[in-house]
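For the sequence shown, full-length UniProt numbering begins at 1 and goes up steadily by one. Here is the structure we will look at, set down as structure tokens.
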Amino acid sequence: MTSSPSDEPEYDLAVIGAGAAGLAGAVTAAELGLSVALLDTAAHPGGQFYRHPAPALGATRPEALHHDWSTFDELRRRLADSDARYLAGHHVWTVVRTEPRRDRWEVHAATGADGNGERPVRVRARAVLLATGAYERQLPFPGWTLPGVVGAGGAQAMLKSGLVLPGRRVVVAGSGPLLLAVAASLATAGARVPAVVEASGYLGYARHPRALAADVHKLAEAAVHGTALLRHRVRLRTRSAVTQVHGADRVEAVTVSRLDRDWRPVPGTGRRIACDALAVGHGLVPQLELATGLGCATRRTQDGTSALDLDADQQTSVPGIWAAGETGGVGGVRLACVEGELAGVAIAARLRERPALTAGGRVRALRRRRDRMRAFAAVMAAAHAPGPGWSRWLDDATDVCRCEEVTAGRIREAVTDYGARDARTVKLLTRAGMGWCQGRMCGTAVACLVGEGQGAQLPPSPERRPLAVPVRLEMLAALAETAARENPPSKAPQPPG
């Protein structure tokens, strides 16, 4: 017999994700009089950006590894001073509309920091704010499965939360502004960084001076990172990519090749760089599983990913579901804070029937700031969008789906020999994307390889799944038992007799 889900009291608002957007939304809504539950998988708030060491590690200055630490300190203080309830270690696996009342939502989670689920938990709320963040986009290449190859964001997370480096001599590669921040952090912490290898260039920014001028904070951040790289003599190589990793049991060196405008390696340009670790990532992908499971509409972004389609007040296409932060498109921590605050005000206005809240100067200012930062985010996404020729890095033996060990050759075979025309058909033929990560690591690569066989680059489409993350069967059984108990079947009338 499985245990029934334990119920939290019903809240006005359930916020999923305690990063910058979720924190800002939760404290804003609570300060406007709403009862708020803030759910997050981690033991402490902060999300990916504000990861920080556990107290047991004895870090005396965790803020040294962060920008805008004062913003997090203020959000954390406001959370402590509010009546919002922080539910740590809650892995949310689905959100459903309640029956028969269609204006209520049930958030189902499994407790436990390791995700195994000590017990099922159900949170009821009148509205839901999705602040689930993003994960790294990975483009495979020969040798990327060797020990010592980590995500660029993963390397930064190791440093922020564990105070450890991925290696002593670390090449940082991929595309996007995160690379500069990661390289600067690693070099400042004592790692030797031989090179930052950026597949794109930075001229794309220069074509949009108005967007740059509207977000000078981003320019200041870039200047800080650039100064750190100069101080530590880190070489920046643009229009280049790591096209192969060398080593027997772990990383020993990488080959860096020049790229043409379509990201195809230029023959004869490969240069070998000795290292014992590679931190690599090609931007971020909004984490939309809960949203697409609810049927929320998405839009295509400038870098080929999908983000939620939101209205002026951060509401999704599904009434009662709002979103903030990277779910609406990757834009950074300051944008996430603004969107979280804007969503918190809008939700309070709706639930408290106080439309004047969204008509004041505060909301108008928030919308202007959001729009300026969203414009910069669009420029950033376009500047670092993967070129169609990146799949030329791959030989047929390269693993694309690491979970199921599906190679590029098998995917190409599914396209050319078996007629697959989309990533879903490739999944059915090869199992690519059926593993533990559910396509988060390989989804982009599989879609692009399908497009390669058709002479086009097909971006991955967000899939609608009833479960956002893997969940144990006992959780589903507990949910079914609870539903049967709360909604017993009506007895059929007995014949007279």
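All C-beta atoms in this analysis are idealised placements derived from N, C-alpha and C, irrespective of residue type, glycine included. Every value quoted in this text rests on a predicted model; they were computed, and no experiment measured them.
Check                                                                                                                                                       : Outcome
So, is V164 buried or exposed, given that buried needs 16 or more other C-beta atoms within 10 angstroms?                                                   : exposed
Tell me H91's beta-bridge partners as DSSP assigns them.                                                                                                    : A110
Roughly how far, in whole angstroms, is the beta-carbon of L13 from the beta-carbon of A24, given that I think they are within contact range, below 8 Å?    : Not a contact, Cβ separation roughly 13 Å.
Per the DSSP calculation, P265 is bridged to which residue(s)?                                                                                              : L259
Is it buried or exposed, G356, if we count other Cβ atoms within 10 angstroms and call 16 or more buried?                                                   : Note that residue 356 is Ala in the sequence shown here, rather than Gly. Exposed is the call here.
Taking the alpha carbon of R233 as the point to measure from, which residue in A277, L278, A184, A468 has its own alpha carbon closest?                     : A184
If I'm right that A211 touches F376 with Cβ under 8 Å, what's the distance once you round it to whole angstroms?                                            : 5 Å
Leaving out five residues before and five after W144 in sequence, what residues of the same chain have Cβ atoms less than 7 Å from its Cβ?                  : V245
Just tell me which of A181, D262, D260, P265 has its CA closest to the CA of A228.                                                                          : A181
Starting from V164, follow the alpha helix (DSSP H) in both directions and report where the run begins and ends.                                            : Element bounds for V164: n/a, residue is neither H nor E.
Report the CB separation of R51 from K160 in whole angstroms; it is logged as a contact under 8 Å.                                                          : 4 Å
Would you kindly report the start and end of the unbroken alpha helix (DSSP H) that includes Y205?                                                          : 203-206
So, A195 versus W393, is the Cβ gap smaller than 8 Å?                                                                                                       : no
Given this structure, state the Cα-to-Cα distance separating G115 from D81, to the nearest angstrom.                                                        : Residue placement at G115 cannot be trusted, given a pLDDT of 45 that sits under 50; the coordinates are not used to answer.
Only counting the same chain, and skipping five residues up and downstream in sequence, which positions put a Cβ closer than 6 Å to that of Q315?           : W322
So, helix, strand or coil for H246, using DSSP?                                                                                                             : strand
Return the CA-CA distance between V15 and A26, expressed in angstroms with no decimal places.                                                               : 6 Å
Report the rounded CA-to-CA distance for R231 versus L129, giving the unit in angstroms.                                                                    : 42 Å
On the DSSP letters alone, give me the boundaries of the alpha helix (DSSP H) that H232 sits inside.                                                        : Taken as a continuous stretch (DSSP letters only), H232 belongs to no alpha helix (DSSP H), as it is neither H nor E.
Expressed to the nearest angstrom, what Euclidean distance is found between the alpha-carbon atoms of A189 and F49?                                         : 17 Å
Going by beta carbon distance, what residues of the same chain come within less than 7 Å of K427, once the five residues before and after it are set aside? : G433, M434
My assumption, with CB atoms under 8 Å, is that A348 sits in contact with L34. Please give the rounded CB distance.                                         : 6 Å
Return helix, strand or coil for T430, following the three-state DSSP convention.                                                                           : helix
Is the Cβ-Cβ distance between A134 and Q287 less than 8 Å?                                                                                                  : yes
Here's the rule I'm using: 16 or more other beta-carbon atoms within 10 Å means buried, otherwise exposed. How should T98 be labelled?                      : exposed
Return the bridge partner residues of H282 from the DSSP annotation.                                                                                        : S175
Any idea what DSSP makes of V15, helix, strand or coil?                                                                                                     : strand
How many angstroms separate the CA atom of G153 from the CA atom of R77?                                                                                    : 26 Å
Starting from C401, follow the beta strand (DSSP E) in both directions and report where the run begins and ends.                                            : 399-401
Name, in chain order, the residues that DSSP records as bridge partners for E136.                                                                           : L284
Reducing DSSP to helix, strand and coil, say where T444 ends up.                                                                                            : helix
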